[in-house]
Amino acid sequence: MKEAQPEKGLTTESPTETPAQTTELSDEDNRQITVITLMRIYDMLGAILTHLDEDQANAILARHSEGGLVGPLPYLNI
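Be aware that the sequence shown starts at -17, since it is given in this note's numbering, and climbs by one per residue.
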């Protein structure tokens, strides 16, 4: 590949391309990515709810502190 020289302007040669490297993700990696993505979505929904109705957001937070899941009935209480 020919280098660009500022005093002579840009070169007309195109850079040599390197082959794309593919990375295989394991099932565990995919699970971690999914969990992190869902946690970020949940955080954003919590921030929106706090802005819209702070009392309801605090009620959900209190329910989580007690160890319960919040969702439409029937929900799992673990």
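Here a beta-carbon is modelled for each residue, glycine too, at the ideal position from N, C-alpha and C.
DSSP, read as helix, strand or coil, puts G28 in helix.
For G28, same chain residues with a beta-carbon under 7 Å away, outside a window of 5 residues either side, are A39 in chain order.
Counting along the chain, L7 sits inside no alpha helix (DSSP H), nor does DSSP assign it H or E at all.
Taken atom to atom, the span from the alpha-carbon of L31 to that of Y24 is near 10 Å.
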